[in-house]
Amino acid sequence: MPSLNSHNSPRDYQIHIHMNAVLEVEGLEQRLSDSERPEQFVVRVPDRLVVMPGDFVAILGPSGCGKTTLLTVLGLLRAPTDATSIKTFRLRVQEDGANREIDLAHLWRRRAQSSIEGIRRRFIGFALQSGELLPALTVRENIEAPLRLNGWASRLRTSRVDHLISAFGLKRARQESNGVFGKPNGDIYDLGMARVNKLSGGEYQRVSLARSIAHEPQLIFVDEPTAALNRELARGALQEFRNLLDSGRTSSAAIMITHDEQLAEEFATLIVRMAPLKNEPGGSVVDISRVNP
Amino acid sequence: MLGRLSYYLHLAWLDFTRLRHTTQHHVVIIAGIVLPILLLLGLKRGHVAELRKELLESPTGRQITIWSGQHGALIDNQCVEDLSRNVAGIDLVIPELQRVVTMVRNADGNAEVKELDVTLFATRPGDPILRQAGCEIPSGNDSLVVISDLVATQLGVQVGDNVDVIVSRTTSRGEETVRAKLQIASILQQDTEKSQIGFSTFPFLDRCDQWVRGFWVESLGWPASGDPIPARYCAYLAFTEGPATLTDEDLRTLKDRGFLAELTADALERTLAGAISPDKAETLTVWRVTPEGSTPDSPVWVTNPPAEFEAITHADDVVVAWTPPRQGGDLERLLVGVTLKKRSWLRAFLRSRSLAFEPLEASSSYEASPPLTDRAMLTLRTTRGVQLQLAPRSSESDEAENSVVEDPGLLDASGMKPMYIVSAQYLARLGAFERGEAEYDPSTGVFVEKPTPSAYGKARLFTHNIDEVPEVVEDLTKRNFSVKSESGRISEIHEQDSSLQLLVWVVATGVFLFGIVTVFSVLLDSTDRKRGVLGILRVMGVSRRGVFILVLVRAAALGILAGLLAAIAGFAIEKFLSWVPTAGTFLATWKPVVSIQVGVADIAIVILGAILCAAIGAILPAFRASRIDPFDAIVEGRFT
Chain A
1 MPSLNSHNSP
11 RDYQIHIHMN
21 AVLEVEGLEQ
31 RLSDSERPEQ
41 FVVRVPDRLV
51 VMPGDFVAIL
61 GPSGCGKTTL
71 LTVLGLLRAP
81 TDATSIKTFR
91 LRVQEDGANR
101 EIDLAHLWRR
111 RAQSSIEGIR
121 RRFIGFALQS
131 GELLPALTVR
141 ENIEAPLRLN
151 GWASRLRTSR
161 VDHLISAFGL
171 KRARQESNGV
181 FGKPNGDIYD
191 LGMARVNKLS
201 GGEYQRVSLA
211 RSIAHEPQLI
221 FVDEPTAALN
231 RELARGALQE
241 FRNLLDSGRT
251 SSAAIMITHD
261 EQLAEEFATL
271 IVRMAPLKNE
281 PGGSVVDISR
291 VNP
Chain B
1001 MLGRLSYYLH
1011 LAWLDFTRLR
1021 HTTQHHVVII
1031 AGIVLPILLL
1041 LGLKRGHVAE
1051 LRKELLESPT
1061 GRQITIWSGQ
1071 HGALIDNQCV
1081 EDLSRNVAGI
1091 DLVIPELQRV
1101 VTMVRNADGN
1111 AEVKELDVTL
1121 FATRPGDPIL
1131 RQAGCEIPSG
1141 NDSLVVISDL
1151 VATQLGVQVG
1161 DNVDVIVSRT
1171 TSRGEETVRA
1181 KLQIASILQQ
1191 DTEKSQIGFS
1201 TFPFLDRCDQ
1211 WVRGFWVESL
1221 GWPASGDPIP
1231 ARYCAYLAFT
1241 EGPATLTDED
1251 LRTLKDRGFL
1261 AELTADALER
1271 TLAGAISPDK
1281 AETLTVWRVT
1291 PEGSTPDSPV
1301 WVTNPPAEFE
1311 AITHADDVVV
1321 AWTPPRQGGD
1331 LERLLVGVTL
1341 KKRSWLRAFL
1351 RSRSLAFEPL
1361 EASSSYEASP
1371 PLTDRAMLTL
1381 RTTRGVQLQL
1391 APRSSESDEA
1401 ENSVVEDPGL
1411 LDASGMKPMY
1421 IVSAQYLARL
1431 GAFERGEAEY
1441 DPSTGVFVEK
1451 PTPSAYGKAR
1461 LFTHNIDEVP
1471 EVVEDLTKRN
1481 FSVKSESGRI
1491 SEIHEQDSSL
1501 QLLVWVVATG
1511 VFLFGIVTVF
1521 SVLLDSTDRK
1531 RGVLGILRVM
1541 GVSRRGVFIL
1551 VLVRAAALGI
1561 LAGLLAAIAG
1571 FAIEKFLSWV
1581 PTAGTFLATW
1591 KPVVSIQVGV
1601 ADIAIVILGA
1611 ILCAAIGAIL
1621 PAFRASRIDP
1631 FDAIVEGRFT
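Residue numbers (this note's numbering), protein chains in the order written: chain A, 1 to 293; chain B, 1001 to 1640.
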């Protein structure tokens, strides 16, 4: 992370930061309509949110303040309500060794759905609340899915999946196998060939995390990691996740949605706080602070 | 992009096969929809097959009997060839030909000779009726015969034995017979009426027919009936003496009968080939009588006897039939053909009155003038390569032997040359043979009529299959043949087939549409249940098109499996319904035997129909699936 002291002025420092940011958002306002409610649900990012390479961002806030809604917009899962009113919405990626800046607001304005999907497929990874693994596939096939969607060669896929299975500790001792079909390696079973419905909660979460970073995305979204696990298991999975992120070739960043302050303090480098709006349903980003520099 | 597409197909396949517990009932539903279509198709095919069975099993189903529809017209070999070549659908034509022959078992040593009258019918290789009885005569051998079991028993012969077949005819000379050796190819078992019948090849019976009609059968060495062809002349010489020549009235009379008479200056004609010395010939008036329109290059041949001209003219003329003498080649002498009555005033003009210009009808004898000392056979080489042998005529007249002979060495062209004398008829027939208008039978030494093609009253022909019968019948009717066939029955079967086919298509269309609606509702529900999975895929970056393809491919796989299941079930039902229980058992009392035939085409139609049904029914659900909001789908999927 570049320091203020290495630049001539705070403004230069700001310029330098922005040139290297993975994600920049400012002036976003998302409105959701519900047929059962007359009012719209509003989520705002009034101030500039800048995510730098290596950042582990925690978006904190009480339930119902729009954290997940914000995730869907930042993760390109939903179109912004009004792309023309967004001040900044940019993604900076590394592709074939070169940096590329993508103006997401422009793409949304052009309704370039195909391009958006391609960007999401290539540069964004998701580890969702319940893991959401594909039930018909094995552990290996689930982790491999983003690699296949992005056209990775077979040999590279195999080595990447093997690495992630090992890195996330997706193994089980023989006496614990309980008939799970796996690849034996002495007394330890590699869970690669196991069907996901045979996994424990922690294993399931780790597979979800492994899948989210398999294709070396620029930006990874982790949604409520403690929703399906207790804190300890979640911590373990996140630690492995964080280690891998830090050791990765690409300068990725992760954005974690959580209401767990402790988890946020332990892992986050940037905390984005959201609070409910006063006069209408919804929430807004009220504070962005960098921690654990 | 191709890699992603193949991955979508892979995902669809994995989802289909690994989560089959969620789809197996879908397979059963679709199979249940298409199975009735398969059974309907099988029932239709089976019903039509039953109707056709009898016609198919019996060769008479594709047999057509024809007669010529034109008065007097007969079916000959040329006609048979034309039909075989020009009428599509004809497999075999067998003219109806039969002959009663005497069949003789060859006597071997002391074995008893047995004879039996047998009616032989014509057959050809490929005869379906004999083939059905297992007695078809193979091609390439016309010396084979099939006989009935009655004939075999009575003659005491078996397959492989040889028999003599005696054919007889009646001629002016009385009863004549010839023999041929045939080998028994097989024995026809007759179930009910036993008859003394046999089947021999059509060419053999055709030759028998030819011989019975009096023709020479060269291939079998069977002689002609012995009657020579009528002698044909293109000229006559009418001799008159002095003023008693042909009058104008005579000339008109001849013209009325189609003949022209003109004086001839030809030396050979005036001197009757030198038989009359030129001095004597000066007192004669010689007319050349020819058929009107006859020219040296295009002669007209007639068979009028010379006496006819003598009778119609008032002049005291002597008319001889005239064929120009032959000379040169191997002949050392002139070959002269003249027939002159013994009591003819013209003989007084001959150098030698006893020249044998007599009405010799024997075709193979000659007289030499002057006589030859050695009286050898005379060999004539014809232009057709046949060598004729003429024997010297045994002379009863000493005068002939002692006739005045002038020194041949002193004779010149105007004098009487040495000659071989044959009858006018012989020389005329020799000419006809060399022109190709007759044949020479060496066994009798007679010039006989050329065989005319046989003609038949009716013929049997067979089509390749019964479905071609109506069209062939129509074609034959246009060619003026009278026809008898099973065409009416076959056409009726075709109509039933078409009607049933239409019924099947109507029902199948209804079932198919119902199937689409059912599949649509089933897959819509199935896709709704999979919203969560589809949402994950969309989140991971699978495009809308990819989701569409996933759902569609999965539905197609459902269709294939359903089609196969329906096919297996269809076969099983077919076997059960077609099975005939043992008589007397309980099942036999109530189980109907239904003719149902499930064909490969039917199965292909049903499998394709199942795939289409599933695919079409899946289009809307696939479209809806591709349009779901990814995150909403995930959230909703958590609660399903």
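For every residue, glycine included, the Cβ atom is placed at its ideal position computed from N, Cα and C.
The three-state reading of DSSP puts residue 1337 of chain B in strand, counting E and B together. Assigned with DSSP and collapsed to three states, residue 1114 of chain B falls in coil, not helix or strand. In the DSSP assignment, residue 1525 of chain B falls within the alpha helix (DSSP H) that extends over 1487-1529. Residue 1014 of chain B reaches chain A at 136 and 137, counting residues in chain order whose Cβ is nearer than 7 angstroms. Just measuring C-alpha positions, the residue of A:263, A:44, A:137 and A:213 sitting nearest residue 28 of chain A is A:44. Here residue 81 of chain A is not near residue 129 of chain A, since their CB atoms are 8 angstroms or more apart. Across the set B:1049, B:1513 and B:1095, the C-alpha of B:1513 shows the shortest separation from the C-alpha of residue 1616 of chain B. Scanning A:42, A:223 and A:260 for the CA closest to the CA of residue 232 of chain A turns up A:260. Look at residue 1177 of chain B here: in three-state DSSP terms it is strand. In the same chain as residue 234 of chain A, and ignoring 5 residues on each side of it, the C-beta atoms closer than 6 angstroms to its own belong to 225 and 226, in chain order. DSSP, reduced to helix, strand and coil, places residue 1567 of chain B within a helical segment of the structure shown. A residue is called buried once 16 or more other Cβ atoms fall within 10 Å of its Cβ, and residue 1015 of chain B is buried on that count.
Close partners of residue 1499 of chain B in chain A (Cβ separation under 8 angstroms) are lacking, with about 49 angstroms as the shortest Cβ gap.
At least 8 angstroms separates the CB of residue 89 of chain A from every CB of chain B. Per DSSP, the continuous alpha helix (DSSP H) segment holding residue 261 of chain A begins and ends at 261-267.
Judged by DSSP secondary structure, residue 94 of chain A falls within the beta strand (DSSP E) whose first and last residues are 88-95.
Beta-carbon to beta-carbon, residue 1621 of chain B and residue 1523 of chain B are separated by about 4 angstroms, close enough to satisfy the 8 angstroms threshold.
Against chain B, a Cβ distance below 8 angstroms from residue 242 of chain A picks out nothing, because the smallest value is about 22 angstroms. Residue pairing by DSSP places residue 1120 of chain B opposite B:1099 and B:1198 in a beta bridge. Two segments are said to touch when three or more pairs of C-beta atoms, one from each, lie closer than 8 angstroms; by this definition the segment 138-153 of chain A touches the segment 202-213 of chain A. According to the DSSP assignment, residue 1154 of chain B belongs to the alpha helix (DSSP H) that extends over 1149-1155. Distance from the CA of residue 1379 of chain B to the CA of residue 1389 of chain B, rounded to the nearest whole angstrom, comes to 5 angstroms. With a minimum length of 3 residues, the unbroken runs of beta strand (DSSP E) contained wholly in the segment 24-79 of chain A fall at 28-34, 37-45, 49-51 and 56-60. Close to chain A, meaning a Cβ-Cβ distance shorter than 9 angstroms, are the following residues of the segment 1519-1543 of chain B: 1532, 1533, 1535, 1536, 1537, 1538, 1539, 1540, 1541, 1542 and 1543. Rounded to whole angstroms, the separation of the alpha carbons of residue 1578 of chain B and residue 1133 of chain B is 28 angstroms. In terms of beta-carbon proximity, residue 160 of chain A stays away from the interface with chain B, with every pair separated by 8 angstroms or more. For residue 151 of chain A, the neighbours in chain B by C-beta distance under 8 angstroms run, in chain order, 1003 and 1004. Here residue 1222 of chain B carries a strand assignment [DSSP, helix/strand/coil]. By the criterion of at least three beta-carbon pairs nearer than 8 angstroms, the segment 191-198 of chain A is in contact with the segment 129-139 of chain A.
Residue 67 of chain A counts as buried, since at least 16 other C-beta atoms from the protein chains shown sit within 10 angstroms of its C-beta. In the three-state DSSP reduction, residue 1210 of chain B falls in the helix class (H, G or I). In the same chain as residue 1059 of chain B, and ignoring 5 residues on each side of it, the C-beta atoms closer than 6 angstroms to its own belong to 1128, 1129 and 1132, in chain order. For residue 1540 of chain B, the secondary structure class from DSSP, reduced to helix, strand or coil, is helix. Bridge partners of residue 1105 of chain B according to DSSP: B:1163. The Cβ neighbour count for residue 1527 of chain B, taken over all protein chains shown within 10 Å, is at least 16; the residue is labelled buried.
In this structure residue 1044 of chain B is buried. Its beta-carbon is surrounded by 16 or more other beta-carbon atoms within 10 angstroms.
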